[in-house]
Each structure stands twice: as C-alpha cells, then as structure tokens.
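>
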C-alpha cells in the first residue's frame, strides 16, 4: 500500500463506499503495509544505492538461478551474484537468457567470480581501490566489480604495500583526487594507516585473510585497521570487498 | 493510538467530520502510531512477563532516581533497579517516597543490591534456583530478587556443586517437582550438565565469573554450558541473574 | 529396579523367601539400582520430552546402524540420527527394515540429513522457527525435523533478517501467537534481539556459523545473542538446531 | 616550503641571487620539505576536515597544557583535548587564557571530558548520532562534541535500542533526512544492522564497551557490527566516538 | 545409612518388626542415603587425602569464621583458609580460639595468606616444589602450606628458571630423589618441559600469572605446559598452588 | 661415559698411563659426557616409565620405518608409533620383520592407529580409563594402547557421560578400586569434575576435540577441566591420550 | 633522480636553459622522485641484504613464472620462490631456462619447496639453525635455503628439544661459536628460552605450527617465545623460516 | 670449578695425592660443576652483553635492596632495577650507598623508573630508538636507559607515527646511519613495517599497550608486527623495552 492507495481507501470511506469496520481491518495491517511503504521506499533507495545481491556459497546452482531470475523479474536495476562457482555462473547465465537478459559480466576466477547483470548507469565519484599485495587481488576484484555494477569506474592501484613505501608515494596525486578510497590489505594492514595519513578523503579499510600464522586469517589486519593511528578510518569485515563497495555507494550517493 | 482511537478516527472520516487529507496525514504516521499500538501491547505483555528494570552501573544516584520515578509514575507494575550502590538505593527510595511509593525490597549487599518496588502479585510455577558454590550467591540473589518481583516464590538450593555429588542428589525430589530450573555456576559449570541429565524440566544455565585463572572470568563456564552433553539446556550471559529470571517469566507465563 | 520390584523384594524378605544377606547384596546396589529407578523415570520423561538421538559424525555406517537398532528395540518412542551422511542413512534404513521398522523421514541434503524413526504423536504448542537468511536453513531444517520427531508442527519463517525489517514485521501476528520461538541467525545474530523485543514468549536463540571473516564461525552471533539487549533470551550452542528443539520440548511439556 | 616559496627559490637561482650549491642543499631536503609541502596541504585539509586533537590519558596536566598551547599558537583552527581529567581541563584552560584564548567548551563529566577550543564555523551536513542505551552516552557525548568542534550540528537520538523497536521506528523521518548516521551501541550492537537496513545513508558504527560478561568489553559489539547483515556499514574502534566524528568529517567535506 | 544399618533394617523386616511399606519408604531414599554412604566414605578419604578448605576471596571475615568454625567442629582433620586477607585471618583465629582451637599457621603475606588449623600428622613421600623465579613465590608458598597441612614436608627449590640452566642442573640429585615434583612457573613456563625431561617422577605443572604483555596473565604458561614436549606432564589451573598440593595428595596416598 | 669408565680414566691418570692434559681434555667434555651419564640413567628410567615413541603425522612411511628400526635396534624395551596411517603401519611392520621383530599390536582404525612393538612385562597398578561418549573412543584407544605397551592392563569404562549420571554411578566400585583414573571427555568435560568428586585417587583429565561450535575443538573441555571444582585434578593437552598414559607411568612406577 | 641529476637540473636553471616553471614542475615531483632515490638505495641495500622473493601460495604456475622472470631480468642478485608446488617449480625452471638462467636449487619436498636462482656469493657469519624436533624440519629447510641464497653456510642442529636436554648440551660448543642463532620450535617452544640462556649471541626464535590441541597451531609457541625468561630473544611469525633468514641478513651484514 | 682447578685436581691424582675415589666423587659432580664452568663463562658473557637486572613489580623495597646489594657485591658490572616505585628507588639507593656505591641514574617517572648503577663503559654501535607516539615514551625510556647501562648512546626519535608520514621521512638520514633500530609503537604498530621497508638494518619491534578497545592492550600491535610485510623484522614482548635493549646487546656485541 502506497500513499495514493491509502488516500483511495480513505476516500472510499469518506464516500461511504467502504464501511469503517473494513477500513479498520485494512488499516490495522497498516503498520506492516506502511512498512510495506517503507519497503517500497527502501527498495527505491536500494536501487539508487546498493544492488540486489545474492551470496553464492552454500547455494546450489539451481537455487542461485531461481533467486537471480526472481530479482531480474521483480526489479530493473543491477543484480549481482557474489563468490560464485563456475556451475553457479553457468546456471544463472542460462536462467537470465531465458528471461531475455543478456550474459552477465563475470570478474575473478571461476571459483570466486562476481557476476553482474544490468550494471547501473555511470555515476559520479572518483573511487580509488588500493591493495597492499597481489594476494589481495581477489578481494579487490570483488570490490571493483560491485563498484562497477553500482555505476562507478574505480581506479585500482595494486601492490602498494608499505614495505616499499615509494610505490604508494608515487601515487599521491591519484590519492589526492579521490572522493573515496578503499584500502585492501592483509598481513598487518598498515597500508590503511598510511593512506589515512596522506588524504582527508573517506578511507574504507578491508582487512584480508592474506598471510599466515600470526596474521590469524585476517584478524590481525582487522584489529590493526580498527586501531589505526590515522583518525577517521572506518573498517568493514574480513575479505568483504562487497561490503566496501556498498559503503562507497552509501557515501557517494 | 490504540485500536479504539483508530476506529474513532475512521468514524470521524465516515461521518464527514474529518477531511480525508487530515486522516491521511494522521494515518501516514500510523506505522509508528501502530507500533505505538505495538508498544502498548508490548508494555502490557511486559507487565505480565518482565518488570521495568533500570541497570544501576554508570548512572548517578540522581539519574537512577529520575528514571525510577518516571517508571513508577508511568506504569503500575513492578519497577526494579539492579546492581545498585548504597547511594543509588538511598536516592531511589527517597524519590519513590516523594511519589507516595513505599520503601522497596533491597536484596544483596549494599554495593550489588537489587531493589524492587511494587512486586507483582503471586504467580504459579515452581522455580528452583540451584547454585554450585557460595561464591555464586550474588548472582543467585539477583535472580531470586527479580523472580520475586515477577511474582514467583523460587526455591533456592545452594552449594550443590558436582565435586560433592551427594549434595545435589539429596535434592532430587525438589528438582523433580520444578517447573523450571535456573542453574548458576562458575568455574567449569558442570552443574548445568548434571542437572540437565536429571530432569526433563527447562534448565536455564547462568555462568558466573567465579573462579580465577583458566576460569577466564566466566568464559569457561559459559562455553562449557553451551557445550553441555545434556540436551536442551539454554544459557544466558555471564553473571546475568536478571536475564535468567526474565527467561523464566517468558516460559512460565 | 522400579518401585514395584523393590516392593516385591522386600515382600520376599518379609515372607522369608529371600535371606537378608541376599537382599542386602541386591540393595547395596540400590543407589545405582535406584538410579536405575531414576533411569527408568528419566527414560519415561525423555520419551515424553526428548527423543533418543544418535550423532552421526565420526561413526561408521555400521556403528550407526547398530546403535539405532538397539534404540529401536529397547524403546518404542522416536529415534533420531542427526547429521547423517548418505551412507549412514542407507545403513540405518536397512537395519530398521530388518527389525520391521519402516523407512524413516529424512530431512536435509544427503550430507547433513536428520533421520527420524517413529515420530511422537502430535503435541500441543505453537512453535515458530525464524531464520535470518537462507544460509541458516540447514540448521533450521535440523531443528524442525527434531521438533517434528517430538510431535510438534512448527511454523517456519525464513529469510527474516533485520537488514529488511519489514520482512519480520510482516509476521508480527505469527510471532504473537507463538508459545515459543526459535531464532536461528548467523553473522551478527541481531534477529534474536529484535524478536525478543517484539514478544513475551520464550525465545531460544541458535547462533549459526553463517558468515565469514569477523563472523568467526558463529562465535560473533553467539556472543551477540548472549549480550542481547532484550531481556530473557536464552541461547544454545553454535549450529545446534537439535539442542534448540530439545529445549522447546523441555519448556512445552 | 609551499609551492610559492619553491617558485621563489627557483627564481632566486634563475636570477643568479642564489648559488646552485645552496639551492641543491635546500632542495636536497625537498623530499622532506616537499612532504613539508604535503604537511602544509595536509594541515589545510585537516583544518577543513579534522581538528587538531590531544588524547588526554597518560599525560600530566602540564604536558596537556604545553601541547594545547603549541597547537593554539601554531594553527588557528579548532583544538581538542579528549578524555580529559578535571585537572587537565583546568591546566589547558589556564594555559589558553595566558595566550588570550577564551575558555573552551567542556562536554561530559569531569573524568571523561571533551574540551574544545575555537570550534570550526558552521558546516552543512545533517549528521544523526543514534545510541542504543543510556550507558552509551559518554561515547556519544565525545562524538557530538568533536562533531561540534568540526562545525557540525548533530541531532542526537538516545535510547533507541532494538529491544523496543518502536523507539527507533518513531524516528524514521529523522533517519531518512540524515546525510550520515553514527550508530553507537554496546552489548550485541544490533542497532547498527537495523539502522543500516532502514536507510541508504552512510552508517558509521561505534561499538561500546557497555554490557558485561559475554559483551567482552565491546568486542562482541565490534564483531557483530563487522558482520552486520545490512550491507555497507563501516565500523570504527571500540568506544571511539572521536574516530567516528573524524570519519564523518572525511565523508561530508 | 551405612552397611550395618542397612543390614539392621533388612533384619527388622525379616523379623517382621518393620512393615515392608516402611522399609520401602526408607529404602526409596537409599540412593541418596547410599550416597550419604558415599559421602561418609568420601569424607574419610578426603580426611586422608585432602584437607577441608575455604576459599577466602569474596567472603566477609564473619562468613569465613562461620564456615571455618563449622568445619573445625564437624571434623577433626586439618582445616584451611586460602587467599585470606588480614581481617579474615583475624576473624578465623578468634573464632577458632572460641572453640578451643589454637592459633593457625599463617603463610604468605597478609593479603594472600594460607591459614592452616590442625595440620595432618607427618606423611611419607618426598615432594619437591620448584619455582622458576622469585615472582612465583606466592603460588609456591600456597602450595607448600597446603602440602604441610596434608602432612608433607616439601623441599622447595626457588629461582631455577631455564634462563640459567645451571641453577636447575645443580639440583639434579634433589629432583632424582623426589617421589613427585611440582613445577611452578610463569612467563613461558619452559621449566616444566625441562624438569619433565630430567626425571621419571610425576610432574605437576602450575602456570602462574607472572610476566606481562604476551604472558597473557598466565595463559601463555598454561598453554606451553599443556604442549610440553616432555611426555606425561600434567597441569593444574593458573596460580593454583592449592590444586597442585591436592593433586600430590591424590598420587602419594 | 658412565661411572665405571670415569673411574677407569681416573685410574689411568693415577697410574701415570694417561697424561693429565689428555684427561683434562676428556673431562672438559664431561658436562656433556656426564649428561651422557644422565642420558643413560634417563634412558633406564624411561625404559621403566615411558616407552620410546614416534609420532606419525607428517612423516613418510619410510621415515617412520627408519626411526622405528633404529629404536628397535638401540633399545630392547617397547617401541611405539602413534597416530599412524595404514601405509605407515605397513612400513614399520615390514621394517621390524627385517630385524626379526614380530608384528606389532595395532589399535584403532587404520588412519589413527597406535602401533606397539615389544610391550613391557605386566606391571601392578589398577588404571581405569573412563570416557564420556563414544566419540571420545579414539583418544581412549590411544591411551589404553600406550598403557598396554607400558605393562598396564587398564579397565575401560565407556559412555559414562554426566548427562546420564546413573551410567557412571553404576561403576562406583570400579572407580573406588582404581589406583589412578584417566577421564577422557569432550564437549564441556564435566565428567572430570564428577569423577574427581567421587574418588581420592589421582585423576588425569584428557580434553578431547569432540563436539562442535562452542566446544571450540576441545578448548572448552580443556578450560573446564582446568577449572574443575573438584580439587587436585590434573590435565594434559587436548586429545593427548598418549600423554595421559605417560603421566600414569610417572605416578604408578 | 639522483643527487647529480638534481644538481644538473639546478645548473640548467642557473644557466637560463631551463625555465623556472619547468623546474618547479619537475621538482614538485621530487618527493616521489626523491623517494625514487630512496628506492634505488633501498634496492641496493636489499640486494646486499635480502633476496628478491616470491611467495608461491595462491599464484598460478604461470603467474609465478612471470614474476620470477621479471626479477631475473631486472636484477642480477638471487631470486627466490618460497612454498612452491611441484607445478610452480617446473614453470619457473622452464621460464628461467628461456632466459638462459640455469636450473635453481630446490629444497624441501615438492609441495613446500624453496627455489633459489643465482645464490649470493659466500658471506661471513656463523649462523646456527637449531630445531626442537623432526616435525620442525620443513620450516628449518626454508630458513637454511634462504640463508644459502643470501650467501650464508648455516650449521643445522636438528632434534635438540629440551625434553632430552643432553642433546642440546652436547652442542654447546657449536652454539658458543655462532654469530647468530635461529631457534625453530613448536609445541611449547621452550628451546628458545634454553638456548637464550646458554649464549650471548643474537637468538631469533621461529615458532612453528607443530603440535596439536593446546599448541593452537603455533600460537602457544609464539606466546611462549615472546615471554621467554631469557632476555633479548626476538621472535618472527609462526612458521616464518623465510623471515628469520632475512632477519639474519639484517644483523650480519 | 674452573679449568685451572680441574687441572689442579687431575694433577693431584696424577701425583698420587688425591685417591681416585675422591676424584671420582668430585668429578661425578662435574657436570654441574662443569655447568658451574658454564655459569662462569655465561656470567662473563652476560657482563659483556647484558646487565644484571632486577624486575621491580611485586617485590618489597627491602627485597629490592637486598637483591641489588647482592648483585653490586658479587659483580662489578652494571646493575639495573626496572619498573621501580619511588619507595624501591629510595631503598636501593640507600642500600647501595651503604656499600659505597654512588647514587644510580634514575629514568622515567617515579612509578615506572629504570634505575642504573655502574653503567658499562661506552660502546660502539649506532642505535636508533623510534617511537610512534608520546604515549609510547615510558617504554622507550626504559629501553634507552637499559641501552645506556649497556654502554650504548642511543638516538631517540619520538612521535614519528605513520599517520604523519613526513615526520618519519624527515629522519631518513638518521635511520640510514643506524646499526640497529628499535621501533616502539602501540595501536596498530604500522611504524615497524614502514621502518623495515626503509632500511636494511636490523629492526627490533616493541609493541606497546598504548591504545584502547581494539588495540587489545598491545596484542594488536604485537600481531601486526609479527605479520609485517617488510621482511626480517623481529619482535619482543609487549611493552618490553628492556628486552629490546638486551636484544640490541646480543646483535651489536
């Protein structure tokens, strides 16, 4: 129920065509219908900001295809499948084809692919995605693919870890022009602190599970980023490239 | 806005006394008013089930008194202040007196008192609160005080730890007649497993921060209770005697 | 030895048919025979409350079949095999057939099946099982299968996570009519807090290992549920759908 | 050395007034002078975005006063002292007075005060600071004081925890109009997930050390917020109200 | 009820002096009476093996005195109060005097004293208590005081940490003659591994909370001792000198 | 160099047949030769107490065979291979056959077998190995196999978990006659506390990695056993059946 | 840009051949060019101290080959591939051959090989690598292979764990002559403490993930080494044989 | 017994003045006497490398004075008291005066002072101690005081945290000339990674407990430093400035 159908109902009552009892019964459901309102608003907002996304792991290819098809039918914005296997990619591609939706953009290797149908139209905002090492690339790839689905055209700076500081400093101009920066790093995650000290732009840090032993599957980078001595850095979950892209969509509307 | 005022509004519209536009404006707020409905319902349920409670730590005596006075004025059910200092007890007692509410029941020592105003009328349900050792008594005292505020008259079995199993087994009849059992234990928390194996009644386990070193401030007991080999035991947070009493109120309505 | 066989023995002694020495020898075992009493009572209670259950992992198909057959022979209530592989399912089905017991109900996929022989007769009590996301379904399936074995007919509400609050609020009526609610959620487990704030019914929270990185294999959801700001929520172990069902059986006798 | 003084030096050389050797010596330091450039730029950016701030704990009142005086002299933007004791507040106030700087705004109680000298001029951007409970207020106070120093006029919504969802839903309009939202919550931190699901605005979550036992001094809320099922939420460190304010400054420039 | 009173009851029935119904009623309680048997046996064993002990922390001096007096009256073996404050020591000493029990032996400083009434008579068994550093002495003192209460005359080797291996090796003869060895060490707890490699005697390792930072309040030593490369070392809880002494009593009966 | 060769050397010097310089050079090595003494003594002790053992994991079958053959040649006591794969079992059996040593006793399934060559002659001491559940059997099997290699004939009580206390209480006599008890339990490890409360014998607790979720791969049982409320229980590492057997050998010499 | 080209530029300006604007533009880049200076210096230092190294895991054989080839072309010092699979070894060997670089030295088994091209010329410095057990050998092999690539000829002492102290003490002379010692140990890592107490040389401790259960995948050894009672021991990450070798290169230049 | 007294003994035997039996008895003790040798050697090494040090916490002033006096009497090298209270400083100063030893150098505030008697003569080696923030100064002060006691004259660079990278880069020359660098940082500890990437010198990282919340009392910095992406960095325990100084003494002999 949206604002106009609410008015319609009230007018029915005013016109004596709807008995008060019936209206009460309908309106009693209103909190939820009203939150149905909210749902519609929410959806509109989501379409502007965040794509509909399906998380692949633990779903059968058939399950993935069904959900993707439903989203492709019910909305007309971008639809994503993240962390998809090759079989899942095949299934959703076929399912989409049956709906007349062309083949998706598939990023990443077959066992960790991000699949994008109907990417959003181009959108303002200079987003830079910086990674510390080549091992962080899968997370960065997920992040840039989702950013692309959202309409951004991110600049990707790879292998800028602080062990060779000059690699990062050579890109100071790129950092300086960014409206928002995603820093993706594993091991000790120091790159976030350093980038945060070089720019006043929003910095979203993504700890990765890169590294072994004391890197504790990303927990070390996570804690380090949360404790960064540069003020105002914010952090998303370990390996959560998707979440970082969504955070960008929130802050560059 | 409750069901009858909703009907009143609709009838105003039906009678032509309220223009549809006004009604829409009011009803547009309905989700929240309706959740105001829900609030009223919720409050009613809460009055039947859980007391209004104020958590003392971190509040000044004045702050405590103000919140308690508000609750005493706005509702007519039981009002609690938990983990209160002596100064807080004094402040709320004085504040209540100013409202004409008599002195509360105060359980526990002055620096960890549970304060109960207007306890609920007596209520069916045999609740047994079992503690492993004397060090668990402060948590048990909080639990029984809150149970009392809710109208229960719990039986308290103290010092029944499994190191001397006969102490517990001597109380098998008491356990057998219980409608619900709260097991309060620190250290390794084994009492929950043993009680759970002796009775089909609901068992709510409260880990306490009793013990030192490897007891890890209650984390060991918590993990042990969550891993209990007796099926169907449920657990609340460390030292959370208040929460266990509320859980009892949920399951013995 | 139950109450009547105890009386029989005493009467044998009274009648001079059993020499005191023999009775002493038998009765000396009484504590344990008496706990044999307890065992019988316990079993009766268990039959009313909790099914005999075998945990599949780490057992060979033959081992599973042997234990299941013993339980099927020794009792006449429900018998469960949880987290069973396809081979285990086959083995216990064949073993049961040899005893003249018909094929079990098998829920879940082949590698995480819950197998139920001789479900209990239907039983009162409106149980609602709410899940936050589709990834929590395997745990929910285990829970509802065990509830079914116990005689309950649970209502399952899926995909009600708090990220889209309207999905949950649309089911307020279902929640309001529940005698007990199982909330199954991974990631941050916030659904338990929200449900706990909407209903006075007992809420049993099951953290799941859904999520990655900072979800810490369910530890995050576990801690969050134990720290829920809604009072009186109780928690079982991570992914422990079976335990939640048993807890329901304890509180809805 | 800034761009114009660099040009001046070069022109001196071109004019023969500065011997090449001298210029080389000066320019040899240029990487650092140049980073001195960057420092100046950085400072300007910081003045626009983040205030100069001194962290009180572990510093003597004299030490605090000295650093604050230096910052007041060297810059003309806002200067902050966070988590200050009463003695520290006194010392910096006196020190500032000696420099002719008027008394600072002091927020919070004496043992956890945020002290602001020369707040920035008013600045666009609707920032909403939502707290779950009254125990989270000290962190919220630090956050709003720092936001105020930065020129923001934040709206503060207190006590909106998800245990009573209607309290939050009653403020949907306020949330909907926000350019950015800071969610401050302890215990299980579920408020961040719920707010994140209700608005497309950037949500910065601050876990607090509120709660006891299983709340693990804020670690539970931290992990829960990082695992939030609502996409695109970002997180700062435990109790870091200052950091959240700085993050707002980064994203609402 | 012990074996002879059980026989007496049975004979009463056989003689027709006790109606079967009465006997059933009495015997029905037998499991617990029988475990009352066990209690008596247990107590006797405990008197031979482990002293009655009261844990001081969290108890008022009056509470301590009451429990100690009860134990002094009910038994005639040793009675201990561990981790006692000066006020607690005074209270129990006065209480005991009122019962005609002379002043206890008090070991350790006033705020961590072990108090022993009526130590057991001397007992065979060469026990060696080795400590790594002087900071481990309080735990060692508790251990040797409890050993003394149990009748042992332990040899104490202090400051034998592995950083100066010769200090330990100089005591090889003492170690070789030991019937059991308690190794008390904090920091990395390596002393347990080294002692375990030098002797076939039972080695009970006590991790202490000595050390800072990465010693994690004793957790590091605990984990290290549990992972010791020398086979057959067993471990008690952190700082648990009392527990180690009790373990000695179990294995040197 | 042993005592007699030391004497021989000294006599050589006394007889003038060995120049002092040579003796000094030889004796300078004495600390290590002397610790060679210790090595011999140590070995003798080890033969009496602990078998030579090879830990299978991470070694190739050839490597295992080589080490086992060396031990079979160099000593004449028992030799063990623990946690052996089928291929390792085959390799060491063949290698031993080549040395004329007959086939070993192999316990456990092929992928977690304990292999014993030349078990020690029978040895006094009643050892009871109690397990909580069938899932703990692999650890128990390792423990009893090693005990057997050491000459013990342990009694094994299986499936005595505290969820069905009667199962344990039915074995009170067996426990009472034990000289030492090994308690093997996963999940919450409560069995150790209960057994420790029923007997004054030494109790060695082995936490197992049985259980899932909050059982934390055995850490929960480990912490619980270390925090057991029954005094004097000692603990070995998670799943360390071998270590428990060695600890028995230390205390029942 | 190095010092002489900087002078050249300045002289161009002084001579009027370079307009000030152009110089400003070039010099504005100087911080990064200057850090390009640093890069060159850094590289030279690295060539003297640490080899160019590629971390194998997560890279395809083709990726490995490409990076190795680039390094072989761009530098003329040693190039390493660590933790390489057999396929990776093949690919880089072939790739190098195509560049005319001979086959590398390959250490360790096929699935954890260290591959060294063009090892550095021999270098002074007696390095001893001590391991506690045979299970630590893979880490030791990586360490010695990298040391070899750096020009060191390390002495390897294997199986010197403290459970048999004489094995280590027999090597006191070797330890005494070392310029630096790497201690590699898992389980409780006590070897580092003991070695640190026996020698004044620098001791670099490498915790390994050897052991199970309470060894916590190397965390126990890590914490123990950081808490070592012998002063001045330093530690690298778990299983980080490569890092230890690099640390040696830093301190024995 | 040292080398010459060993020779004397042997010559006594050779001369027939010492019966072989007596010599055997004396030499049988040799391993320990010989390790007494080692002790002497060790002590000499220690005197060259590491000072005798007493750790203040947990010791009474009298205890401190006694140990310090013993060390001052028994040796003639430097003697340290670390983490001393004002009372401890007074006591040891008085005690030393009684021995004719002049007043010590006292660094740091009264409640965390490092006290140095008889510092070692000046010693080669350029040591740089870099700290990230002013809060790290107490650890740095301890480190430099111990370095001073050892004869080093360290250069201290304070407040060089990576949030303002230019502060560190301005000191590149100082870093370049260092023979060894100690990096002291809390929070996320990123400074170690950055310094490690700028210099080939040995870098010893000291994590500090600076920071709050997610800094986890130094654990975050510790883990980050162990996971540093710059190769060859080594780490000591949290806040262990003393240990870092000793590590320097090991590597700059």
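Protein chains in written order, with my numbering: chain A, 9 to 261; chain B, 9 to 261; chain C, 9 to 261; chain D, 9 to 261; chain E, 9 to 261; chain F, 9 to 261; chain G, 9 to 261; chain H, 9 to 261.
Every residue, glycine too, gets a C-beta built ideally from N, C-alpha and C.
None of these values were measured; they are calculated from a predicted model.
(1) So, do the stretch 132-140 of chain G and the stretch 100-115 of chain G have three or more beta carbon pairs nearer to each other than 8 Å?
(2) Taking DSSP's pairing of strands, which residues face residue 215 of chain C in a bridge?
(3) Give the residues of chain A in contact with residue 230 of chain G, contact being defined as C-beta atoms less than 7 Å apart.
(4) Counting only beta-carbon atoms, is residue 193 of chain G nearer than 8 Å to chain F?
(5) DSSP state of residue 91 of chain D, grouped into three classes?
(6) Where residue 174 of chain D and residue 63 of chain B are concerned, what is the direct C-alpha to C-alpha distance, given to the nearest angstrom?
(7) Taking residue 194 of chain A and residue 252 of chain A to be in contact with their CB atoms under 8 Å, please state how far apart those CB atoms are, rounded to whole angstroms.
(8) Taking residue 197 of chain B and residue 196 of chain F to be in contact with their CB atoms under 8 Å, please state how far apart those CB atoms are, rounded to whole angstroms.
(9) For a cutoff of 8 Å on Cβ pairs, would you count residue 243 of chain C as touching chain B?
(10) What residues of chain G sit near residue 211 of chain H, judged by a beta carbon separation below 9 Å?
(11) Would you say residue 168 of chain F faces chain B, with C-beta separation under 8 Å as the test?
(12) What does residue 247 of chain C reach in chain F if we use C-beta pairs closer than 8 Å?
(13) Within its chain, find whatever has a CB closer than 7 Å to the CB of residue 185 of chain E; leave out the 5 residues flanking it on each side and keep chain order.
(14) Is residue 66 of chain E close to chain B? Criterion is C-beta to C-beta, closer than 8 Å.
(15) Does the beta-carbon of residue 238 of chain D, which I'm using as the reference point, lie nearer than 7 Å to any heavy atom of the ligand FAD?
(16) So which residues on chain G does residue 143 of chain A lean against when the C-beta distance must stay under 7 Å?
(17) Are residue 238 of chain E and residue 171 of chain G closer than 8 Å when you measure CB to CB?
(18) Use the C-beta contact count for residue 162 of chain F: other C-beta atoms within 10 angstroms, 16 or more gives buried, fewer gives exposed.
(19) Do residue 245 of chain B and residue 222 of chain D have their C-beta atoms within less than 8 Å of each other?
(20) Mapping DSSP to helix, strand and coil, what is residue 62 of chain D?
(21) If you run the structure through DSSP and keep just helix, strand and coil, what is residue 207 of chain C?
(22) Short check: CB of residue 145 of chain A to CB of residue 122 of chain A, under 8 Å?
(23) Counting only Cβ pairs nearer than 7 Å, list the residues of chain D close to residue 206 of chain C.
(24) Give the straight-line distance between the Cα atoms of residue 79 of chain D and residue 91 of chain G, rounded to the nearest whole angstrom.
(25) State the beta-bridge partners of residue 164 of chain B as determined by DSSP.
Per the coordinate set shown:
(1) no
(2) C/193
(3) 222
(4) no
(5) strand
(6) 21 Å
(7) Going by Cβ atoms, the distance from residue 194 of chain A to residue 252 of chain A rounds to 14 Å, so no, they are not a contact pair.
(8) 7 Å
(9) yes
(10) 255, 258
(11) no
(12) 220, 221
(13) 134
(14) yes
(15) Ligands in the displayed structure: none, and consequently the ligand FAD is not present.
(16) 66
(17) yes
(18) buried
(19) yes
(20) strand
(21) coil
(22) no
(23) 173
(24) 51 Å
(25) B/137
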